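A.B. asks: I'd like to ask some things about the structure below.
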Amino acid sequence: MSEGRLKGRRIALGVSGGIAAYKAIEVVRQLTESGAEVRVMMTPEATRFVTPLTFEALSYQPVAADWLAPSGAGERHIALAEWAELIALVPATANTIAKVAMGLADEIVSGTVLASRAPIVLAPAMNDVMFTQPQTQDHLDALRTRRAVIVDPATGRLASGKSGIGRLAAPERIIAVIEAVLAGRRNLEGLRVLVSAGGTREAVDPVRYVGNFSSGKMGRALAEVAAARGAEVTLVTTIPGNSEGIHEVPVDSARAMLQALQAAIDRTDVLVMAAAVADYAPQQVAETKVRRREQPLDLHLQPNVDVLKMLGSRPGLFRVGFAAETDDIRAQAGEKLTKKQLDLIVANQVGVDGQGLGSDFNAVTIVGSSGVIAEVPRLPKWEVAGRIWDAIDACRNGLAPAGQ
Ligand code: CTP
């Protein structure tokens with residue numbers, strides 16, 4: 027996450043007593059690095075897993091661990107509750123979840139939650155049986171109805187040694203949700219989003235392909251930001267990666283991408299085609315490896331399937347396309363918007379050093395039917411993705427600014 031993104035934001039971070047308490051260290055470190063002011067509070071059990079000193083050193087603030095200790099400044103949980111803009115419980119154990127759901131307050135973490143009206147972000151971590159028990163799920167549902175945001179745990183190896191759901195979400199995912207809540211951007215809850223990413227690979231023979239320089243980073247950032255804002259996200263990509271919190275489908279060719287997208291399109295509210303689909307594919311795929319010879323090799327290419335066209339449009343489906351252009355980007359984007367029956371098109375200039383294809387940065391022009399909706403300057407792709415979702419949301423809700 028980039029520095030300064032949470033500058034001056036006041037976060038009370040409650041650590042409860044589970045083995046994942048050690049992972050809260052990284053969350054505190056990244057939050058402070060991004061400019062947030064973090065005050066850590068710990069349940070008595072949490073202090074048995076990690077010492078308060080570690081959190082003190084990382085947050086540059088005293089840690090509230092013993093709520094009965096005289097502090098000389100009134101009641102600590104009330105002071106913390108009034109100070110915090112947001113309370114994050116990382117990790118939230120089954121016991122702490124139960125307590126905050128029921129309004130119990132018998133140590134500083136649950137006491138502070140009860141004394142505060144700030145939004146709460148909970149990142150549960152526990153054994154899979156404890157997590158899936160109806161008791162725990164009922165408590166989480168109750169908290170959700172009170173606008174608490176749950177960062178679902180991941181599936182993987184648990185402390186018990188077996189594999190299951192219950193691993194604490196990755197620090198980046200927890201922080202992305204905290205950021206979305208603080209920015210008032212949990213506005214994609216209930217939205218089903220389908221994103222394509224990466225350059226397609228069109229086979230020449232069993233070991234070679236025709237492809238392009240796309241890294242899939244813009245599409246992945248769009249998928250991750252949508253998930254942090256509450257959407258249910260499927261990412262169809264040629265560049266697989268960490269898919270925590272999103273449903274990821276790895277593909278290679280344009281045809282495979284089309285198939286994967288077709289399988290999900292009926293359940294989709296917003297389609298974002300960020301993939302760089304190869305416009306041409308080899309006419310024939312050699313069954314065995316093409317051997318090196320001293321003569322030039324002719325490769326015959328034929329037009330590839332048009333994925334957006336094949337997917338088609340339907341009422342209720344919001345279609346977003348991308349246009350990588352070398353010149354005249356506004357005019358090209360406007361033309362593609364109509365030709366490809368898009369609701370929005372995100373145009374970026376290729377060939378500019380330090381942004382676009384393969385880079386961690388991008389600068390884009392977002393164009394809708396009424397004209398240019400936003401000019402996004404060069405920013406990290408994660409932040410560009412946020413601006414694109416702002417534009418999508420504004421357009422879907424009829425709030426997009428008139429064309430410029
Ligand atoms: N696209 C697609 N299928 C293709 C080519 C592109 O679905 N075979 C999608 C891209 O994912 C993108 C949009 O169409 O969202 C525009 O892609 P772009 O390559 O810029 O457009 P083309 O129609 O291929 O035009 P050109 O390459 O000639 O600029």
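Quick note, the sequence shown lines up with residues 27 to 430 if you use the working numbering.
Yeah, the Cβ is synthetic: ideal placement off N, Cα and C, and Gly gets one too.
Note that the structure is a prediction, hence the values are computed from the model and not measured.
Please determine whether the Cβ atom of PHE348 lies at a distance below 7 Å from any heavy atom of the ligand CTP.
C.D. replies: By 1-based counting over the sequence shown, the position of residue 348 is 322. Result yes, Cβ under 7 Å from the ligand CTP.
A.B. asks: Less than 8 Å separating the beta-carbons of SER385 and ALA300?
C.D. replies: As a first step, residue 385 must be located in the sequence shown, where it is residue number 359. As a first step, residue 300 must be located in the sequence shown, where it is residue number 274. No, they are not a contact pair.
A.B. asks: GLY412 by DSSP, collapsed to three states: which one?
C.D. replies: The residue you call residue 412 lines up with position 386 of the sequence shown. Looking at GLY412 - three-state DSSP - the assignment turns out to be helix.
A.B. asks: Would the C-beta of ASN330 count as close to the ligand CTP, meaning under 7 Å from any of its heavy atoms?
C.D. replies: For this step, residue 330 is matched to residue 304 along the sequence shown. ASN330 Cβ: within cutoff of the ligand CTP.
A.B. asks: Give a single yes or no on whether ASP305 has its beta carbon closer than 7 Å to a heavy atom of the ligand CTP.
C.D. replies: Position 279 of the sequence shown, counting from 1, holds the residue named residue 305. At least one heavy atom of the ligand CTP is nearer than 7 Å to the Cβ of ASP305, so yes.
A.B. asks: Could you say if the segment 60-75 and the segment 132-152 meet the contact criterion of at least three C-beta pairs nearer than 8 Å?
C.D. replies: The segment 60-75, when compared against the segment 132-152, does touch it at the 8 Å Cβ threshold.
A.B. asks: Between the beta-carbon of GLY61 and the beta-carbon of ARG31, is there less than 8 Å?
C.D. replies: What you label residue 61 is simply residue 35 of the sequence shown in a count that begins at 1. What you label residue 31 is simply residue 5 of the sequence shown in a count that begins at 1. It is a contact, given that the beta carbons lie within the stated cut-off.
A.B. asks: Entirely within the segment 42-111 and at least 3 residues each: give me those beta strand (DSSP E) ranges in chain order.
C.D. replies: Listed in chain order, the complete beta strand (DSSP E) runs (minimum 3 residues) inside the segment 42-111 are 63-68.
A.B. asks: Name the DSSP bridge partner or partners of VAL346?
C.D. replies: In the sequence shown, the residue the question calls residue 346 occupies position 320. For VAL346, which the question treats as bridged, DSSP gives the partners VAL298 and LEU370.
A.B. asks: Within 8 Å of any Cβ in chain B, is that where the Cβ of HIS103 sits?
C.D. replies: In the displayed structure, chain B is absent; only one protein chain is listed.
A.B. asks: Do the segment 326-346 and the segment 263-275 touch if we need at least three Cβ pairs shorter than 8 Å?
C.D. replies: Contact between the segment 326-346 and the segment 263-275 is absent, because fewer than three Cβ pairs lie under 8 Å.
A.B. asks: ASP419 to TYR48, Cα distance in whole Å?
C.D. replies: Translated into positions along the sequence shown, residue 419 becomes position 393. Translated into positions along the sequence shown, residue 48 becomes position 22. Distance between the alpha carbons of ASP419 and TYR48: 37 Å.
A.B. asks: Distance check for VAL41 and GLN56, CA to CA, integer angstroms please.
C.D. replies: As a position in the sequence shown, residue 56 is number 30, starting the count at 1. As a position in the sequence shown, residue 41 is number 15, starting the count at 1. C-alpha separation (whole angstroms): 15 Å.
A.B. asks: From which residue to which residue does the alpha helix (DSSP H) around ARG246 run?
C.D. replies: Here residue 246 is taken as the residue at index 220 of the sequence shown, counted from 1. Segment 243-254, the alpha helix (DSSP H) holding ARG246.
A.B. asks: With a threshold of 8 Å on Cβ separation, who are the neighbours of MET128 within its own chain once the five nearest residues in sequence on each side are excluded?
C.D. replies: Within the sequence shown, residue 128 is the residue found at index 102, counting from 1. Cβ neighbours of MET128 beyond the five flanking positions: HIS165.
A.B. asks: Mapping DSSP to helix, strand and coil, what is PHE157?
C.D. replies: Numbered from 1 along the sequence shown, position 131 holds the residue referred to as residue 157. Of the three classes helix, strand and coil, the one that applies to PHE157 here is helix, per DSSP.
A.B. asks: Could you have a look at ARG227 and say whether DSSP puts it in helix, strand or coil?
C.D. replies: One-based indexing of the sequence shown puts residue 227 at position 201. Three-state DSSP puts ARG227 in coil, outside helix and strand.
A.B. asks: Could you check whether GLU351 and VAL372 sit closer than 8 Å to each other, using their CB atoms as the reference points?
C.D. replies: Counting from one through the sequence shown, the residue named residue 372 turns up at place 346. Counting from one through the sequence shown, the residue named residue 351 turns up at place 325. Their beta carbons are not under 8 Å apart, which means VAL372 does not touch GLU351 by this criterion.
A.B. asks: Mind checking whether ALA417 and PRO403 have CB atoms under 8 Å apart?
C.D. replies: The residue labelled residue 417 in the question sits at position 391 within the sequence shown. The residue labelled residue 403 in the question sits at position 377 within the sequence shown. In this structure, PRO403 does not lie closer than 8 Å to ALA417 by Cβ.
A.B. asks: ARG183 lies in the beta strand (DSSP E); which residues open and close that run?
C.D. replies: Taking the sequence shown and counting its residues from 1, the one referred to as residue 183 is at position 157. Its beta strand (DSSP E) spans residues 180-183.
A.B. asks: So ASP178 packs on GLY271, CB below 8 Å; how close in whole Å?
C.D. replies: Within the sequence shown, residue 178 is the residue found at index 152, counting from 1. Within the sequence shown, residue 271 is the residue found at index 245, counting from 1. Yes, they are in contact, since the Cβ atoms of ASP178 and GLY271 sit about 7 Å apart, within 8 Å.
A.B. asks: I'd like to check one pair, GLY237 with GLY225: are the Cβ atoms closer than 8 Å?
C.D. replies: Your numbering for residue 225 matches position 199 in the sequence shown. Your numbering for residue 237 matches position 211 in the sequence shown. Contact flag set, yes.
A.B. asks: Within 10 Å of its beta-carbon, does ASN374 have 16 or more other beta-carbons around it, so buried, or fewer, so exposed?
C.D. replies: By 1-based counting over the sequence shown, the position of residue 374 is 348. The residue in question, ASN374, is buried, as its Cβ has 16 or more Cβ neighbours within 10 Å.
A.B. asks: Output the distance between the C-alpha atoms of LEU261 and LEU337, rounded to the nearest integer angstrom.
C.D. replies: Indexing the sequence shown from 1 puts residue 261 at position 235. Indexing the sequence shown from 1 puts residue 337 at position 311. Taking the straight line from one Cα to the other gives about 16 Å.
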